[in-house]
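Number 139 in the UniProt record's numbering belongs to position 139 of the first sequence; there are no gaps in the numbering.
Here a beta-carbon is modelled for each residue, glycine too, at the ideal position from N, C-alpha and C.
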Amino acid sequence: MPELPEAEVVRRGLERWVTGRVVEGVEILDPRSVRRHVDGPQAFVEDLTGTRVLDVVRRGKFLWMPLAAPGDAVDDPCSYRPRQALMAHLGMSGQMLIKDSSLPPDRHLRIRLTLSDAPDPDDPSQLLPTELRFVDQRIFGGMFLDPLLPTDDGAPGGLGRHGHAVVPEHAAHIARDPLDPAFDVDAVHDRLRRRKTGIKRAVLDQGLVSGIGNIYADEALWEARLHYARPTETLTRAETRRLLAAVQTVMTRALDAGGTSLDSLYVNVNGESGYFALSLNAYGQTGRACPRCAAEGRDGVIVREQFMNRSSFRCSRCQRKPRNARY
DNA sequence: ATTGCAACCTGTCTGC
DNA sequence: TGCAGACAGGTTGCAA
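Here it is as structure tokens:
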């Protein structure tokens with residue numbers, strides 16, 4: 001999927017185009033894209049129709065839109081307590097597109113939301129596009145309505161304007177991500193030290209630290225010069241800090257570039273690709289000289305290996321396999 | 001607690 | 001040209 005930077009690009013697009021609008025119609029073109037909605041796709045249509053989108057929030061790779069119930073007046077957005085949210089996960093190939101209803105249906109269009117009219121903030125004489133389309137080739141992603149539960153950690157769930165201490169039920173097990181203001185590096189280090197596994201497996205665990213997927217795991221490990229099988233219980237605090245700082249800088253740079261588009265499957269809400277793929281140092285770079293080694297006149301090369309049933313990319317020289325490697 | 005694996009899907013690319 | 005197989009940004013749930 002889309003990992004954290006891609007999800008955040010989508011969140012920003014949705015925040016600008018969808019916040020404040022009423023969901024006037026819901027059309028499900030493929031019921032498999034309505035996930036975990038307890039009463040099924042038809043109830044999803046009924047429960048979502050007429051609600052108003054209050055905000056767009058993200059934690060890790062999960063996106064959600066807190067909703068005002070039909071007819072509820074929201075005079076003070078800070079005191080209104082939404083009871084449910086429209087949850088979305090992009091899976092491996094999900095897209096959220098803002099389009100006008102006059103445009104033809106997209107290939108793999110699964111869910112279509114018709115939105116109330118709203119003026120374009122950049123040009124109030126024009127109306128914004130009328131639809132939010134969920135497009136997903138592989139159907140590993142999906143949308144569903146989820147109750148918002150109080151959270152005991154006090155801070156806002158993910159990034160978003162609303163500071164409610166609530167989180168959707170199905171995002172409650174997701175840890176804070178490295179770009180969350182409340183992200184706690186030392187707390188993650190303490191949890192890492194208590195685990196007995198390899199570092200890459202650990203950073204891909206969304207319950208420990210969220211938002212990291214296969215691309216940014218490999219990029220951050222390369223940046224921090226750590227092998228994916230390094231045992232977590234032997235990490236020094238300095239190494240954990242180095243790794244998580246690498247995650248933060250790589251993700252921030254990716255966000256600035258509009259995300260990583262390896263093909264046309266990841267795009268922002270306007271259908272545009274990101275260009276961080278041009279800046280990848282390790283992921284997908286099999287056989288290329290390691291950029292760091294090359295700069296130092298050394299001969300490290302990027303190799304590809306199978307790990308956790310997926311590909312891992314590392315430098316053969318500056319990310320050597322530790323003797324106590326853990327898989 | 002950790003780990004491996006299958007399942008959920010569609011599509012593209014490579015080699016025979 | 002067809003066909004089989006590998007591979008692709010993720011999450012969940014179950015078995016060992």
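Beta-carbon proximity check, residue i vs residue j, cutoff 7 Å
i           : j      : result
Pro82       : Leu67  : yes
Leu243      : Ala224 : yes
Arg16       : Gly142 : no
Pro181      : Val166 : no
residue 375 : Arg194 : This structure cannot settle anything about residue 375, because the visible part of the chain is limited to 1 through 327.
Leu63       : Arg11  : yes
Asp120      : Gln126 : yes
Val56       : Leu14  : yes
Cys290      : Gly297 : no
Pro5        : Ala171 : no
residue 333 : Gln95  : Past the boundaries of the shown model lies residue 333; the chain is included only from 1 to 327, so the question cannot be answered.
Ala85       : Leu29  : no
Thr252      : Gly274 : no
Asp256      : Gly211 : no
Ser33       : Asp136 : yes
Nearest-angstrom Cα separation, counted from residue j out to residue i
i      : j      : result
Val9   : Gly258 : 6 Å
Pro156 : Lys200 : Interpretation of Pro156 is limited by its pLDDT of 46, a score under 50 that renders its predicted location unreliable; the figure taken from the coordinates is listed afterwards. The alpha-carbon atoms of Pro156 and Lys200 are separated by roughly 28 Å.
Leu179 : Asp72  : 33 Å
His227 : Arg320 : 6 Å
Leu103 : Asp123 : 21 Å
Thr236 : Ala187 : 13 Å
Arg138 : Leu109 : 11 Å
Asn217 : Arg58  : Sequence check: residue 217 is Ala here, not Asn. If you take the alpha carbons of Ala217 and Arg58, they lie about 19 Å apart.
Arg292 : Arg52  : 50 Å
Phe307 : Phe144 : 32 Å
Ser279 : Met87  : 31 Å
Thr197 : Val269 : 37 Å
Pro41  : Lys99  : 23 Å
Thr240 : Thr234 : 10 Å
Arg288 : Ala246 : 21 Å
Glu27  : Tyr80  : 28 Å
Pro70  : Pro168 : 19 Å
Asp184 : Ala175 : 10 Å
Gly158 : Met92  : With a pLDDT of 45 at Gly158, under the threshold of 50, the predicted position of this residue should be treated as unreliable, though the coordinate-derived value follows. Approximately 21 Å between the Cα atoms of the pair.
Asp75  : Leu265 : 39 Å
Ile302 : Tyr283 : 9 Å
Glu272 : Glu131 : 17 Å
His37  : Thr49  : 15 Å
Leu54  : Ala295 : 49 Å
Glu3   : Gly213 : 6 Å
Gly25  : His173 : 31 Å
Sheet register partners of residue i (DSSP bridge)
i      : result
Pro66  : Ala85
Thr260 : Tyr275
Thr114 : Gly25, Glu131
Met143 : Val34, Ala88
Arg59  : Phe62
Met96  : Phe134
Leu149 : Val167
Arg52  : Val22, Ala68
Leu244 : BP columns for Leu244 are empty, so no partner.
Leu4   : DSSP output for Leu4 lists no bridge partner at all.
Pro119 : Leu127
Member of the options whose CA lies at the smallest distance from the CA of residue i
i      : options                        : result
Ser101 : Gly274, Arg112, Ala202         : Arg112
Gln206 : Thr49, Lys61, Cys315           : Lys61
Ala220 : Thr234, Thr260, Gln248, Glu233 : Gln248
Ser316 : Lys99, Glu305, Arg326, Asn309  : Glu305
Asn324 : Thr232, Ala246, Met65          : Thr232
Phe276 : Gly287, Thr286, Asp263         : Asp263
Arg310 : Ala295, Ala294, Tyr327         : Tyr327
Ile215 : Tyr80, Asp47, Gln285, Arg176   : Gln285
Val18  : Val45, Thr114, Arg32           : Thr114
Ala7   : His89, Arg133, Glu46, Phe140   : His89
Scan the segment 266–322 and note each continuous beta strand (DSSP E) run of 3 residues or more that stays entirely inside, going in chain order. Counting whole runs of 3 or more residues, the segment 266–322 contains the beta strand (DSSP E) stretches 302–307, 310–315.
Hey, which unbroken runs of the alpha helix (DSSP H) at 4 residues or more fall wholly within the segment 179–239? If only complete runs of 4 or more residues are kept, the segment 179–239 shows the alpha helix (DSSP H) at 185–194, 199–203, 214–223, in order along the chain.
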